[in-house]
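Visitor:
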Amino acid sequence: MTRLAHGGLINRARTLSFRFDGKSYTGHPGDTLASALLANGVRLMGRSFKYHRPRGVFTAGSEEPNALVELRAGARREPNTRATTIELFEGLEAQSQNRWPSLDHDLLSVNRYLSPFLGAGFYYKTFMWPAAFWEKLYEPAIRRAAGLGAAAALPDPDTYEKAFAFCDVLVIGSGPAGLAAALAAGRAGARVILAEEDFRLGGRLLTEQAAIDGAPARDFVSRAEAELASLAHVRIMPRTTVFGVYDGGEYAAVERVSDHLAVPAPFQPRQRLWRIIAKRAVLAAGAFDRPIVFPGNDRPGVMTAQALATYACRYGVGAGATAAVFTNNDAGVAAALATAGAGVKLEALIDVRPALPAPLAAKAKALGVRVITSGEVIATSGKLLTGLTVRSPAGTETLAVEALGISGGATPNLNLTCHLGGKPVYREDLAAFVPATLPPGLAVAGAVAGQFSLADCLAYGTAEGVRAAADAGFTAPTLPAPQAEETATGIQPFWQVKAKGDLAFVDLQNDVSAKDVGIAHKEGFRAVELLKRYTTLGMATDQGKTSNMAGLALMAELTGQGIAATGTTLFRPPYTPVALGVLAGHHRDKDFRPTRPTPTHDWAQRQGAVFVETGFWLRAAYFPKPGEKDWLESVNREVNATRSACGVIDVSTFGKIDLQGPDVGIFLDRVYINMFSTLAVGKARYGVMLREDGLVMDDGTTARLGEQHYVMTTTTANAGKMFQHLEFCLQVLWPDLDVQIASVSEQWAQIAVSGPRSRAVLAQVVDGADVSNAALPFMGVLQTTVMGGVEARVFRLSFSGELGYEIAVPARHGAALMEALMAAGAPFGITPYGTEALGVLRIEKGHVSGSELNGQTSARDLGLGRMASTKKDYIGRVLSQRPAFLDPDRPMFVGFKPVDRSARLKAGAHLLPPGAEATTAHDEGYMTSVAYSPTLGHSIGLGFLKRGAARIGEQVRAFDPVRGGDILVEVCSPAFVDPEGEKQRV
Amino acid sequence: MSDLLAQVPVTRLPPEGHYGPAGTEGVRARALEGLAAATLAARKGGTGALIARLTAAGLPLVDGPKVLFHEGLTVLGTGPGRWLVFAENTTGPALLAQLRALAGDDVALTDQSDANLVFELTGPAVRDALAKGVALDLDPRAFAPGDVATTVVAHVGVTLWACEGAPTYRLAVARSFAPALLRWLTPGAAPFGFALSGTGRG
């Protein structure tokens, strides 16, 4: 056990039991998995990515490169979870990963003996030939050996949600600068959100030994948290990582609502995705301690000096029975002293500098810490760290230690400042990159800005909090900023110990060593972005938060151009990995998108309908009857019933747009290719609309209800788009037109009754209106009442080619109308039909639909060219006259019958001249829609064929290389049924 | 998808009842019955005249995202020169006639009584529940009683307005999208305790 005798922000009164790799351990509330494992003497936590070297915890935060584990089991298993951020809970279960058969004995650790061959670019150089082996052999083998944890293969049993938050000032990070900023802005009355990644506020203050306002730093944290919690307009969000910055002051954050529990509480999500819209933001994300590169710097037990101090001070854990610190800077020294002060036996403090600043030297002396100046660690030993070799002017010596804290200096955690393209700049005096251009509305304070001392963090945090609140319109009362002593921040840039021996790692997560940076340099991959891609330095879950600096410093030394000129790679969102589940939120499974039921949905369900998704809508596809062996039999019955007697279908899904005003006629003339201003009141007309480029956009009927009142129908698919199009035309193209439009798609249920007996059925549901052929002729419109006083509009239209009507009633009456029609039609054998039969009926009639209005066809292609008026201008007119559109060879709309009538046509088949080779050069068109026609007793098709209309009677090949099929078809008129259109006019 | 609604068909409104921890009621939602509705749009260039005429008739319309509550009428500004009017205890045709009498012939009136379902949401946690999908700042500093917005929630278009009294909102949603909207709201409101009424027994 290496739990220290006292100290730490853990609740020693309570014990939590947990399991790691099947073994049971205990820890305390306040522990992370990493601190609890260290407290149990478990230093081996993972195997490295490439060489499978034993690895231990390296940090105490989300920047962790090494200690990645699989958390939980079964459906809740989460791979690559950082042990350093997992809050310990009762019953926690975790497994190490990337090892076989066990963490202690990993067979792939033989890779470490191959390390001379496995350097940067190894795969590119080795698996070059034969090329055919790559896909089948090399890549699968490499993929098996590589990768980290394994994802759960079962559906995630937990829920996730999203939420929006708005504030005046968003403060990111709750260390000294963040707390000071939140206090200043909160006191000014601004709405503040304080987001903290950790489960506890305080950041470095949880480890800090210096006093604030004369009291321990942790007391300041408690006081600040209490004050912030007392302010109603301040929201404190612990366990919340702000991971992305977007335009307009929008920040994305993930709140780990239940990750610290074995399972989420009832009704609670596991995580919540926040979109925070902030007028101003203060980034106070602190800095990372970065490693020094030296041989064997990856042994379990080697960690950052700040991590060593954090485990000692915050968690009351000695990372080893004995420890040492190797540093080049004052913060590293302070971390060593804090560690020793917490009760860890510190064997030595090794500093590359010739002397420590006097105050720190005095403190070291007071604590009895041995200081080795001008010293360097040149080697380590043990599978788990057991010793160090230290070189100094006094000579070379070995130290027996189990833990080594290393600190190469502070790297500002400026990740978020890059998300909108900001490029950090290098400051020689700090040996660090600091933010330069910032996202609009975002300020930086504290260590992230290179303000490393505690006093500076508090002062700048307060100042930025005041300023952010003022920018958002809140004047801060002048309260003094919290005061602290200046903490020392001196540094002597130092990146790499020049010594031979074991591999010296730059990037622990990707097993990139100093040698690999050398290879990249030698082979010309010198720019930082190339260095990253070639060596994988800075990739994967930690994105090089700790390793990037040393990597580019080594490259800068090799090229001799200096760190500032070498520059740094830029960060993109997310700051830390984000689970896909939380990005999906509520929208999973059937809630992936809305489902819209039609007004007659429940009725259709009672009839046993099989439904099909059409956009958001759920529509009846067909209505199987007992004894029918397949869908085709049902559809054939529905088609036959409609053609011989009467069929009924809910067509409420069409878009419906109400148009009013003195200029509606002119407006419709401009949006349709054909004339509407001449349409008589009480009549409907079929119309076609083009896009500006002359291709057909949509079709439908528009009826004139009154002198200045029309109602338009659009296709189901384009309902929303057409309303937007008309709005655009009115607002942008012709703002002078006096037209008011309103969507009435949801207001009206609409049911189509088709077939020779449909008039007899209609007559029984209208309240006495005359629906005879004379009173309500083809394309006539009747405004009346049905079912005893329900307002209704009856349009005599036909998509099936039969006598037909569409009856619209207010939506709440839609189901009742369907029932009334069914009752009225029962003596005639009225038959409900679905979208399948609807398709067959229109294909038999040769009416175009979505498959033909496919964004590639003009009105002329569709055989509708003669509808286009030559007496007016309309959208798409000019470009529809382009030479290619008028080319006689252009594929035109025709019908097809298989020469062998028993053969089945396939939509998507391409049309070739008989005997011609199946090449693009011979392609003459394609089949768009096919159906089995029960009326004709064979398969029929519609499509586009080169010079189509002129080739009726010819034979062509329908060639379908995708699904197989190569048959001869006969070209015919697209109207297979009633080409003269007599049936719909009776 | 939440287990809470696993047994409810996606085409149906979640049945009335209590969702969430027993004994809590942070959010209440009620489907409002018997509302008639109509859109009212001014003719081109006629907004000023229409507002003057209606103001003289005691209905001081505002050309903006504001709500006017007046003798059983709720008038929502939904766009420049456009309003959505709800009326209690009447029918669509009767509402159209009433508005025609007030506004005269020179306006566009369209019955929308069957187009929307309207829900009233209230309770101490109503803003927290709405924040799970409404991308609007609902703090009274930014969205006070009398403010209205048309927005998109969980891929569903809604019109939302703030009413007088302890946080109370009304929300109009297209009829066919109402099940999807409540499927979003119910699991999000359940942690606070969610009492849903007016949606039938399921």
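Protein chains in written order, with our numbering: chain A, 138 to 1123; chain B, 2 to 203. Even glycine gets a Cβ: it sits at the ideal position worked out from N, Cα and C.
By alpha-carbon positions, which one of A:V489, A:G505, A:L674 ends up nearest to T476 of chain A?
Guide: Along the first sequence, read from residue 1 onward, the residue named residue 476 of chain A stands at position 339. Out of A:V489, A:G505, A:L674, A:G505 has the C-alpha closest to the C-alpha of T476 of chain A.
Visitor: Could you give the DSSP three-state label for S529 of chain A: helix, strand or coil?
Guide: Position 392 of the first sequence, counted from the start, is the residue given in the question as residue 529 of chain A. Here S529 of chain A sits in strand by DSSP.
Visitor: Excluding five sequence neighbours on each side, which residues of the same chain lie with their C-beta closer than 8 Å to the C-beta of A996 of chain A?
Guide: Translated into the one-based positions of the first sequence, residue 996 of chain A becomes position 859. Result list for A996 of chain A: I810, V825, L827, V833, G1002, M1004, A1005, S1017, in chain order.
Visitor: So, do the stretch 412 to 419 of chain A and the stretch 302 to 309 of chain A have three or more beta carbon pairs nearer to each other than 8 Å?
Guide: yes
Visitor: Which whole runs of the beta strand (DSSP E) in the stretch 163 to 189 of chain B are 3 residues long or more, in chain order?
Guide: 169 to 175
Visitor: Please classify K669 of chain A: is it buried, with 16 or more other beta-carbons within 10 angstroms of its beta-carbon, or exposed?
Guide: On the first sequence, position 532 is the one that residue 669 of chain A refers to. Classification of K669 of chain A: buried, given that the 10 Å Cβ count is 16 or more.
Visitor: Whose Cβ in chain B lies nearer than 7 Å to the Cβ of P238 of chain A?
Guide: For the purposes of this step, residue 238 of chain A is taken as the residue at position 101 of the first sequence. Within chain B, no residue comes near P238 of chain A; the closest Cβ sits about 38 Å away, beyond 7 Å.
Visitor: Between G35 of chain B and chain A, is there a C-beta pair that is closer than 8 Å?
Guide: Numbered from its first residue, the second sequence carries residue 35 of chain B at position 34. So no, G35 of chain B is outside the interface.
Visitor: Please report the residue range of the alpha helix (DSSP H) in which I656 of chain A lies.
Guide: Counting from 1 along the first sequence, the entry for residue 656 of chain A is found at position 519. From DSSP, the alpha helix (DSSP H) with I656 of chain A extends over 651 to 659.
Visitor: Mind listing the chain B neighbours of E883 of chain A? Cutoff is C-beta to C-beta under 9 Å, in chain order.
Guide: The count along the first sequence starts at 1 and reaches residue 883 of chain A at position 746. Those are Q113, D115, A116, N117, A175, R176, S177, F178, listed as they occur along chain B.
Visitor: Could you tell me whether the stretch 318 to 338 of chain A touches the stretch 601 to 618 of chain A, where touching means 3 or more Cβ pairs closer than 8 Å?
Guide: With the cut-off at 8 Å, the stretch 318 to 338 of chain A and the stretch 601 to 618 of chain A touch.
Visitor: Near R151 of chain A, which residues of its chain fall below 7 Å by C-beta distance, leaving aside the five closest residues on each side in sequence?
Guide: Start at 1 with the first residue of the first sequence, and residue 151 of chain A comes out as number 14. So the qualifying residues of the chain are H165, P166.
Visitor: Only counting the same chain, and skipping five residues up and downstream in sequence, which positions put a Cβ closer than 8 Å to that of S529 of chain A?
Guide: Locating residue 529 of chain A in the first sequence gives position 392, where the first residue counts as 1. So the qualifying residues of the chain are I487, I509, T510, S511, G512, E513.
Visitor: Quick check: is the beta carbon of K67 of chain B nearer than 8 Å to any beta carbon in chain A?
Guide: Here residue 67 of chain B refers to the residue found at position 66 when the second sequence is read from its first residue. It does not: the Cβ of K67 of chain B has no partner Cβ on chain A nearer than 8 Å.
Visitor: Pull out every residue of the stretch 279 to 311 of chain A whose Cβ sits closer than 8 Å to any Cβ of chain B, in chain order.
Guide: T296, E298, K299, A300, F301, A302, F303
Visitor: Would you decide whether Q234 of chain A is buried or exposed? Buried here means 16 or more other CB atoms lie within 10 Å of its CB.
Guide: One-based indexing of the first sequence puts residue 234 of chain A at position 97. By the 10 Å Cβ count, Q234 of chain A comes out buried.
Visitor: Tell me the rounded alpha-carbon separation between H724 of chain A and G189 of chain B.
Guide: Taking the first sequence and counting its residues from 1, the one referred to as residue 724 of chain A is at position 587. Taking the second sequence and counting its residues from 1, the one referred to as residue 189 of chain B is at position 188. Spanning the two alpha carbons is a distance of roughly 12 Å.
Visitor: Compute the Euclidean distance between the alpha carbons of T683 of chain A and G80 of chain B, then round it to the nearest angstrom.
Guide: Along the first sequence, one-based indexing puts residue 683 of chain A at 546. Along the second sequence, one-based indexing puts residue 80 of chain B at 79. Within the model, the alpha-carbon separation for T683 of chain A versus G80 of chain B is close to 52 Å.
Visitor: Got a sec: is the Cβ-Cβ distance from R828 of chain A to anything in chain B below 8 Å?
Guide: One-based indexing of the first sequence puts residue 828 of chain A at position 691. It does not; no Cβ of chain B falls within 8 Å.
Visitor: With burial defined as no fewer than 16 other Cβ atoms inside 10 Å of the residue's Cβ, what is the status of Y20 of chain B: buried or exposed?
Guide: Within the second sequence, the letter at position 19 stands for residue 20 of chain B. It is buried - the Cβ of Y20 of chain B has at least 16 other Cβ atoms within 10 Å.
Visitor: Please give me, in chain order, every unbroken run of the alpha helix (DSSP H) with length at least 4 that falls completely inside the stretch 339 to 414 of chain A.
Guide: 354 to 367
Visitor: Which ranges would you report for the alpha helix (DSSP H) in the stretch 450 to 527 of chain A if only whole runs of at least 4 residues count?
Guide: 467 to 478, 495 to 504
Visitor: Give me the subset of the stretch 877 to 901 of chain A whose CB atoms are less than 7 Å from a CB atom of chain B, sorted by chain position.
Guide: Q877, A879, V881, E883, Q884
Visitor: If contacts are defined as beta-carbon pairs under 8 Å, then P710 of chain A and A389 of chain A qualify, I think. What distance do you get, rounded to the angstrom?
Guide: Reading the first sequence from its first residue, position 573 is the one you call residue 710 of chain A. Reading the first sequence from its first residue, position 252 is the one you call residue 389 of chain A. The Cβ separation is near 7 Å, so the contact holds.
Visitor: Considering only the beta carbon of each residue, do A758 of chain A and E973 of chain A sit closer than 8 Å?
Guide: Position 621 of the first sequence, counted from the start, is the residue given in the question as residue 758 of chain A. Position 836 of the first sequence, counted from the start, is the residue given in the question as residue 973 of chain A. Contact flag set, yes.
Visitor: Would you verify that the beta carbon of A390 of chain A is, or is not, closer than 8 Å to some beta carbon of chain B?
Guide: Residue numbering aside, residue 390 of chain A sits at position 253 when the first sequence is read from its first letter. No, because no Cβ of chain B sits closer than 8 Å to the Cβ of A390 of chain A.
Visitor: According to the neighbour-count rule (16 or more other Cβ atoms, all chains shown, within 10 Å of its Cβ), is Y250 of chain A buried or exposed?
Guide: One-based indexing of the first sequence puts residue 250 of chain A at position 113. By the neighbour-count rule (16 or more Cβ atoms within 10 Å), Y250 of chain A is not buried but exposed.
Visitor: Which of helix, strand or coil does DSSP assign to Q742 of chain A?
Guide: Walking along the first sequence from the start, residue 742 of chain A turns up at place 605. In this structure, Q742 of chain A counts as helix in the three-state DSSP scheme.
Visitor: From A468 of chain A to T25 of chain B, what does the alpha carbon distance come to, in whole angstroms?
Guide: Stepping through the first sequence from its first residue, residue 468 of chain A is reached at position 331. Stepping through the second sequence from its first residue, residue 25 of chain B is reached at position 24. Taking the straight line joining both Cα atoms gives about 50 Å.
Visitor: Could you please tell me which residues of the stretch 44 to 58 of chain B, in chain order, have their CB closer than 9 Å to any CB of chain A?
Guide: The residues in question are R44, K45, G46, G47.
Visitor: Run through chain B and tell me which residues come within less than 9 Å of D396 of chain A, C-beta to C-beta.
Guide: As a position in the first sequence, residue 396 of chain A is number 259, starting the count at 1. Near D396 of chain A there are no residues of chain B at all, since even the closest Cβ is about 16 Å away, more than 9 Å.
Visitor: DSSP puts Q620 of chain A in a beta bridge; with which residues?
Guide: The residue you call residue 620 of chain A lines up with position 483 of the first sequence. According to DSSP, Q620 of chain A bridges with nothing at all.
Visitor: So for I980 of chain A, helix, strand or coil by DSSP?
Guide: In the first sequence, the residue the question calls residue 980 of chain A occupies position 843. Here I980 of chain A sits in helix by DSSP.
Visitor: Specify the secondary structure class of K192 of chain B as computed by DSSP and reduced to three states.
Guide: The residue labelled residue 192 of chain B in the question sits at position 191 within the second sequence. This sequence places Pro at residue 192 of chain B; Lys is not what is there. Looking at P192 of chain B - three-state DSSP - the assignment turns out to be helix.
Visitor: Since M859 of chain A is in the alpha helix (DSSP H), which residue starts that stretch and which ends it?
Guide: Position 722 of the first sequence, counting from 1, holds the residue named residue 859 of chain A. That run of the alpha helix (DSSP H) goes 856 to 865.
Visitor: Over the uninterrupted alpha helix (DSSP H) stretch that includes P1050 of chain A, give me the two end residues.
Guide: Position 913 of the first sequence, counting from 1, holds the residue named residue 1050 of chain A. That residue, P1050 of chain A, is in no alpha helix (DSSP H); it is neither H nor E in DSSP.
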